[in-house]
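Start counting the sequence shown at 37; every next residue gets the next number (the numbering used here). Working notes for the structure below.
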Amino acid sequence: MAEKLTLEVVTPYGSVLSEEVNEVVAPGSEGEFGVLPGHVPFVTTLKIGILTYKQNGSVRYVFVNSGYAEVYEDRVLILADSAERAEDIDVERAKAAMKRAEERLKKQENIDFARAQASLQRALTRLQAAEKIGKR
Ligand code: ATP
């Protein structure tokens, strides 16, 4: 059985990461799931959340904005609508997006509620991911 997994995170904007890792925990639509090398293959949808992976004793965090995960024995492929490593998150941009979404939701009239809610959730989750590595 393989001892490592290849984790790939791909978005329409390009490849976010491709790394050899020991363990992945991803935000599945039905709840978080963990993957170790040798996992039974499956496919699932993802929700907005934070993907965590372990690599040689350190833990790393990646924001993922919905999409799909394909799990194979030696590989996890994440196809997300957008994604950033915690290190690459622009905190000021996420704060601005959060404010915009909050203001839209406050006004209530003539807004696409679900869209504003999703935007707020992306911003809040990006801020949480950044905070995990001490960015605020
Ligand atoms: P915004 O309103 O700030 O554009 P958004 O949630 O609408 O945010 P997305 O549609 O998820 O943005 O992503 C568009 C592109 O911008 C993607 O490449 C994504 O990685 C990048 N991106 C969005 N917000 C941030 C951020 N705070 N830091 C770094 N990259 C970001």
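Backbone N, C-alpha and C define an ideal beta-carbon position, used for all residues, glycine too.
Check	Outcome
Taking only the alpha-carbon atoms, compute the straight-line gap between Asn92 and Asn58 and give it to the nearest angstrom.	7 Å
Which same chain residues end up closer than 7 Å to Ala119 when comparing Cβ atoms and leaving out the 5 residues on each side of it in sequence?	Val45, Thr47, Val52, Val98, Phe99, Val100, Asn101
Decide if Ala150 is buried, meaning its Cβ has at least 16 other Cβ atoms within 10 Å, or exposed.	exposed
Since Asp91 is in the beta strand (DSSP E), which residue starts that stretch and which ends it?	The residue asked about is misnamed: residue 91 is Gln in this sequence, not Asp. 85 to 91 is the extent of the beta strand (DSSP E) around Gln91.
I'd like to confirm something about Asp148: is its beta-carbon nearer than 7 Å to some heavy atom of the ligand ATP, or not?	no
Within the structure, which residues are defined as neighbours of the ligand ATP by a Cβ-heavy atom distance below 6 Å, reported in chain order?	Tyr49, Asn101, Ser118, Glu120, Asp124, Ile125, Asp126, Arg129, Ala130, Ala133, Ser155, Arg158, Arg162
Sorted by chain position, which residues of the same chain lie with C-beta nearer than 6 Å to Ile114's C-beta, five sequence neighbours on each side aside?	Val45, Ala105
Which residues share a DSSP beta bridge with Ala119?	Val100
Rounded to the nearest angstrom, what separates Tyr89 and Gly170 at their Cα positions?	17 Å
Taking the continuous beta strand (DSSP E) assigned at Glu181, which residues delimit it?	Given that the chain is displayed from residue 37 to residue 172, the structure contains no residue 181 and the question cannot be resolved.
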